[in-house]
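Reviewing the structure listed below.
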Ligand code: ADP
Ligand code: ZN
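Residue numbers (this note's numbering): 256 to 693.
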């Protein structure tokens with residue numbers, strides 16, 4: 256019988272010093288696991304760490320070499336396995352947003368720990384066994400599907416393994432089964448709202464009250480937009496497959512930053528150029544150490560995700576530090592005619608404008624020797640007309656608001672609602688058509 260309790264105040268509200276002591280103890284264990292792998296088996300001794308006892312304080316973490324995605328790819332398929340394959344019960348892989356997907360391996364105990372962590376997150380948003388949870392995200396190798404599925408079941412919710420896409424089928428299930436909670440990418444939630452309006456779905460007939468949204472960056476304005484349009488609470492969920500996937504950091508009911516579960520992960524914020532640690536509160540790249548997976552241990556992994564720690568405690572009383580909403584990946588940055596532009600800056604501007612609908616696309620092309628940035632946006636409900644003067648005025652407004660933020664002049668195109676492409680998994684927000692070698 257599983258004795259797990261998904262609400263563990265003695266862990267979630269643990270005094271900081273006890274939490275740090277627990278981290279040290281678990282770090283030693285994780286180093287022991289890592290030493291058994293081919294990859295760490297060479298690198299840790301070279302850094303003077305030959306046994307878990309060589310880790311004496313948490314400061315010794317810094318002696319562990321930082322791992323990059325290319326190291327994971329280089330040790331594919333089994334270079335990071337710490338146990339014989341017969342001890343592994345599951346594998347998962349990343350989405351492959353930036354190249355070849357990377358694979359992780361879980362033992363039965365790893366799977367159990369991940370499920371516990373996930374249940375803790377869902378319970379922390381106020382979900383209980385009375386909820387009906389429709390998981391509208393890709394299943395299969397992607398961790399978002401089975402991850403939230405297992406966590407939902409452990410909380411005792413009735414889980415509908417709906418999978419991604421097909422809005423008509425999603426709405427039917429919501430109505431038939433009385434769905435109260437959904438999980439999806441923010442892009443898909445916005446698409447659902449547009450479709451609901453188009454298809455005349457009566458919101459008052461749905462029992463929907465919450466959504467977990469993650470797997471990709473989105474702004475606070477996008478959260479508010481989804482909340483207001485769908486009349487639900489939206490909780491931010493951060494996951495990365497190298498760290499098991501979802502459940503790394505999740506928002507509580509305060510809806511103000513995501514608690515990084517520090518009894519399961521050690522988070523460091525580093526300067527993306529020097530990889531030197533930054534003080535609490537400063538923005539930089541998140542480096543994560545997984546304390547909860549024996550099958551393929553990963554220590555000090557460079558996520559390339561940009562965020563910072565909150566310095567104030569959370570109203571909910573949990574002591575695990577919170578992470579600010581991610582502004583993107585350090586490798587997301589576009590350089591346009593020499594100017595650095597993050598897609599998140601564009602999203603913040605367009606999603607805050609009520610005239611703009613629920614979808615947009617950024618296109619970068621070469622125009623002779625120059626780069627050309629085009630921002631395609633869908634018009635909001637009732638905004639699109641044949642009156643070209645009105646449309647031009649709106650495009651100019653969007654263009655000026657954008658150029659005030661990103662400091663370059665984009666071309667803006669207005670499209671009819673529902674006409675820009677929607678992806679079933681992570682949204683594709685940027686089409687960079689420039690030749691790669693330039
Ligand atoms: P891939 O790197 O192929 O996309 P994953 O499927 O493991 O691999 O996705 C993890 C990445 O997704 C993270 O590193 C991060 O960039 C992004 N991500 C996940 N959740 C969020 C979130 N809530 N906010 C911003 N970005 C997120
Ligand atoms: Zn909290």
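Virtual Cβ for every residue (Gly too), placed ideally from N, Cα, C.
For residue 389, the beta-bridge partners assigned by DSSP are 415 and 437. Relative to the ligand ADP, even the nearest heavy atom lies 7 Å or more away from the CB of residue 566. One alpha carbon belongs to residue 463, the other to residue 315, and they sit about 47 Å apart. Closer than 7 Å to some heavy atom of the ligand ADP: that does not describe the Cβ of residue 510.
Rounded to whole angstroms, residue 427 and residue 335 show a C-alpha spacing of 43 Å.
Residue 606 carries a helical assignment under DSSP once its states are collapsed to helix, strand and coil. Taking a C-beta distance under 8 Å as the contact criterion, residue 554 and residue 302 do not qualify as a contact pair. Cβ atoms of residue 564 and residue 543 stay farther apart than 8 Å, at about 13 Å. Taking all protein chains in view, the Cβ of residue 410 is crowded by 16 or more other Cβ atoms within 10 Å, so the residue is classified as buried.
Scanning 521, 534 and 540 for the CA closest to the CA of residue 528 turns up 540. For residue 571, the CB falls within less than 7 Å of some heavy atom of the ligand ZN. The continuous alpha helix (DSSP H) containing residue 482 extends over residues 475-485. The straight-line gap separating the alpha-carbon atoms of residue 590 and residue 352 is approximately 19 Å.
Shown here, residue 514 sits in a strand according to DSSP, grouped into three states.
Under the three-state reduction of DSSP output, residue 563 falls in the coil class, being neither helix nor strand. Going by C-alpha positions, residue 289 is about 8 Å away from residue 299. Nearest Cα to residue 601 within the set 593, 441, 582 and 610: 582. Taken through DSSP and simplified to helix, strand or coil, residue 305 comes out as coil. Annotation for residue 668: 629, 630, 631, 632 and 650 place their beta carbon closer than 8 Å to its own, counting only its chain and skipping 5 residues before and after.
Under the 10 Å beta carbon count, residue 468 is surrounded by 16 or more other beta carbons and is classified as buried. When DSSP assignments are scanned along the stretch 421-471, the uninterrupted stretches of alpha helix (DSSP H) that are 4 or more residues long and fall wholly within it turn out to be 422-432 and 441-454. Nearest to residue 413 by C-alpha distance, out of 585, 296, 436 and 617, is 436. Counting only the Cα atoms, residue 371 lies some 18 Å from residue 385. By the Cβ rule, the stretch 507-516 does not count as touching the stretch 607-623, because fewer than three pairs are nearer than 8 Å. Burial check for residue 691: the Cβ neighbour count within 10 Å stays below 16, so the residue is exposed. In the three-state reduction of the DSSP assignment, residue 623 falls in the coil class.
Between residue 502 and residue 376, the gap from beta carbon to beta carbon is short of 8 Å. In the three-state reduction of the DSSP assignment, residue 666 falls in the strand class, which pools E and B.
Summarising the contact set, residues whose Cβ lies nearer than 7 Å to any heavy atom of the ligand ADP are, in chain order, 349, 350, 351, 352, 353, 356, 397, 398, 469, 470, 471, 472, 473, 491, 492, 493, 494, 495, 496, 497, 500, 558, 559, 560, 580, 581, 584 and 681. Set against 7 Å, the gap from the CB of residue 382 to the closest heavy atom of the ligand ZN is not smaller. For residue 492, the enclosing beta strand (DSSP E) starts and ends at 488-495. Around the C-beta of residue 676, fewer than 16 other C-beta atoms lie within 10 Å, and the residue is accordingly described as exposed. Inclusion of residue 507 in the 7 Å shell around the ligand ZN follows from its C-beta lying nearer than that to a non-hydrogen atom of the ligand. Residue burial annotation: residue 325 is exposed, with fewer than 16 other C-beta atoms found within 10 angstroms of its C-beta. One Cα belongs to residue 363, the other to residue 393, and the distance between them is close to 22 Å. DSSP places residue 326 in the uninterrupted alpha helix (DSSP H) bounded by 324-329.
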